[in-house]
Amino acid sequence: MNGAVDLFGQFFKIIDDEEKSMQTANLMVIGKTGAGKSTLINSVFRDNLADTGIGTPVTKHLQRITKSGIPLVIYDTKGIELNQAVQEEIKKEILGEIDRLIRLNEKENLVHMIWFCISSLSRRIEDFEVEWIRSFAERLPVIVVLTQAVGKEAAALEKYIKNLNLPVKNVRSVLAQDIEISDDYTLPAFGLKELVDITFDCLPEAAHTAFVNAQKVNIERKLETANKAIIPFVTAAFAEGFNPLPFADAALLVPTQLAMLARLTVIFGIPVNKSLLTGTISGILGTGGATLLGRTIVANIVKFIPGIGTGVGGTISGTTAAIITAALGFSYNQVMVIMAKKIFAGQIVAETEMIDLMKSAYAEQMKKGKDLLK
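Position 118 (the sequence shown) corresponds to 786 in this note's numbering; numbering is contiguous.
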């Protein structure tokens, strides 16, 4: 087995290990039958989670939905529109499970927050729903999500609920899917990106990466998170090159760079297509990694990075190693943005297009030189 195969084998193993070890984001979704909970979940999260996930009963009226490869747990309720006696039973079950998890401190299962869904088509919030929201908000962050928000009635309902001054993080109107009004006009979906941002801000930091990975509507949030994730790897590359590395030893930086690319891939949460990712990365790394292109890169680094001087010679310094690693990370993120948008929109991703984009993005990042490290 040649070196390139070994390196990419390591790359995919890191992705697999990170996905398995990632703490999940745990979200409870409460609402009446017909409130559009499944449509909302499928529109926000990857792989039609509400339809394809595995539901495991927790209590009589509460189930836990999970799917392999998605670091998200959905606690879903059912039947809350039934008679008052059943409503009390359901509320007791939900609060009991929340309190049990808090008491046992089961960090991997703790519910992090609640989406309380109310259909705007109902034009009202019922007294028992107000009571439930108050009870849940004593324990967890709650966002009231007004689903199926169409027309003036939806805006009026949002205003009414906000005026109740409930102890919630936000009241957010959304339309989870486009609605075809006529042959000439389609009402576009709205509000999902804002819901994702509000939810992200309410989650504990340890669940941020998982939530960013699982959601598919805010690609900019994925990019922001991925750009921040580059920094520690650039720092590590600088340390590894602190004592200037001869070209022959430049491969010492490759594991750091592959680990970085694996982390970025996990953050974007795209399906792992080995052929596509291998081709994209090989487009710039060649058979061994960006640093193994050192003979070419370092020979031309002077014109890319003002002030570095001409004494680079046959070595890769800490600064050079950091710049190369940063350029690799930021250019890869640019490619991941395009790839994620296409995949989540159900479009075909051409490997040749991604390779060309990777090469041009990397060349552009290298031109920025030291600005990458500011």
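Even for Gly, the Cβ is constructed at its ideal location relative to N, Cα and C.
8 Å contact criterion, which residue i and residue j should meet: CB distance rounded
{"i": "K896", "j": "A1008", "result": "At roughly 17 Å, the Cβ-Cβ gap does not stay under 8 Å, so K896 and A1008 are not in contact."}
{"i": "M690", "j": "A878", "result": "5 Å"}
{"i": "L717", "j": "I698", "result": "So it is not a contact: roughly 16 Å between Cβ atoms."}
{"i": "E892", "j": "G947", "result": "Contact flag wrong, Cβ pair sits at about 26 Å."}
{"i": "L1025", "j": "I1011", "result": "L1025 to I1011, Cβ: 14 Å. No contact."}
{"i": "S787", "j": "G702", "result": "6 Å"}
Identity of the residue in the options nearest residue i by Cα
{"i": "A1013", "options": "Q845, S1028, T854, A1029", "result": "Q845"}
{"i": "E686", "options": "S985, L945, R931", "result": "R931"}
{"i": "Q816", "options": "I722, S841, F901", "result": "S841"}
{"i": "K861", "options": "P939, V818, V813, Y853", "result": "V813"}
{"i": "F713", "options": "N881, A823, G819", "result": "N881"}
{"i": "L929", "options": "I1023, K700, E776, M1004", "result": "M1004"}
{"i": "I762", "options": "N773, T745, A822", "result": "T745"}
{"i": "N838", "options": "A822, I849, I847, D865", "result": "D865"}
{"i": "I849", "options": "G819, E873, D869", "result": "G819"}
{"i": "E873", "options": "K775, D795, F906, T854", "result": "K775"}
Three-state class that DSSP yields for residue i in the structure shown
{"i": "S787", "result": "strand"}
{"i": "S841", "result": "strand"}
{"i": "T903", "result": "helix"}
{"i": "Q731", "result": "strand"}
{"i": "M1004", "result": "helix"}
{"i": "M690", "result": "coil"}
{"i": "G937", "result": "coil"}
{"i": "L740", "result": "strand"}
{"i": "A958", "result": "Caution is warranted here: a pLDDT of 48 is assigned to A958, below 50, making its placement in the model unreliable, and the coordinate value is therefore given only provisionally. Correct three-state label for A958: helix."}
{"i": "P923", "result": "helix"}
{"i": "G677", "result": "helix"}
{"i": "G975", "result": "Per-residue confidence for G975 stands at a pLDDT of 46, beneath the threshold of 50, marking its modelled position as unreliable; the derived number appears in the next sentence. G975: coil per DSSP, three-state reduction."}
{"i": "A702", "result": "The sequence given here has Gly at residue 702, not Ala. Three-state result, G702: coil."}
{"i": "I847", "result": "strand"}
{"i": "V864", "result": "helix"}
{"i": "G723", "result": "strand"}
{"i": "V813", "result": "strand"}
{"i": "I782", "result": "strand"}
{"i": "V697", "result": "strand"}
{"i": "Q883", "result": "strand"}
{"i": "L763", "result": "helix"}
CB contact check: residue i to chain C, cutoff 8 Å
{"i": "K896", "result": "Protein chain content of the structure displayed is limited to a single chain, and chain C is not contained in it."}
Through-space distance from residue j to residue i, alpha-carbon basis
{"i": "E757", "j": "N751", "result": "10 Å"}
{"i": "L825", "j": "L832", "result": "11 Å"}
{"i": "L707", "j": "T903", "result": "Leu is not the amino acid found at residue 707; the sequence shown has Thr there. Taking the straight line joining both Cα atoms gives about 42 Å."}
{"i": "I801", "j": "I887", "result": "30 Å"}
{"i": "F998", "j": "N941", "result": "20 Å"}
{"i": "M1034", "j": "N1001", "result": "14 Å"}
{"i": "A672", "j": "G951", "result": "For A672, the predicted model reports a pLDDT of 44, less than 50, meaning its position is unreliable; a value from the coordinates is still stated below. Going from the Cα of A672 to the Cα of G951 covers about 13 Å."}
{"i": "Q731", "j": "V810", "result": "19 Å"}
{"i": "L808", "j": "C785", "result": "15 Å"}
{"i": "I1016", "j": "A990", "result": "34 Å"}
{"i": "L863", "j": "S985", "result": "45 Å"}
{"i": "L945", "j": "N710", "result": "26 Å"}
{"i": "V1029", "j": "V836", "result": "According to the sequence displayed, residue 1029 carries Ala and not Val. The alpha-carbon atoms of A1029 and V836 are separated by roughly 43 Å."}
{"i": "I766", "j": "R791", "result": "29 Å"}
{"i": "D851", "j": "G704", "result": "24 Å"}
{"i": "G937", "j": "A753", "result": "42 Å"}
{"i": "K760", "j": "I722", "result": "24 Å"}
{"i": "Q883", "j": "R771", "result": "29 Å"}
{"i": "M1022", "j": "S943", "result": "12 Å"}
{"i": "Y743", "j": "T867", "result": "15 Å"}
{"i": "K688", "j": "G677", "result": "17 Å"}
{"i": "F680", "j": "I949", "result": "12 Å"}
Short Cβ contact (8 Å threshold) for residue i with residue j
{"i": "V934", "j": "I683", "result": "yes"}
{"i": "V726", "j": "T734", "result": "no"}
{"i": "A693", "j": "A875", "result": "yes"}
{"i": "I793", "j": "I748", "result": "no"}
{"i": "L843", "j": "G859", "result": "yes"}
{"i": "L778", "j": "L789", "result": "no"}
{"i": "F901", "j": "T993", "result": "yes"}
{"i": "L926", "j": "L675", "result": "yes"}
{"i": "L695", "j": "H780", "result": "yes"}
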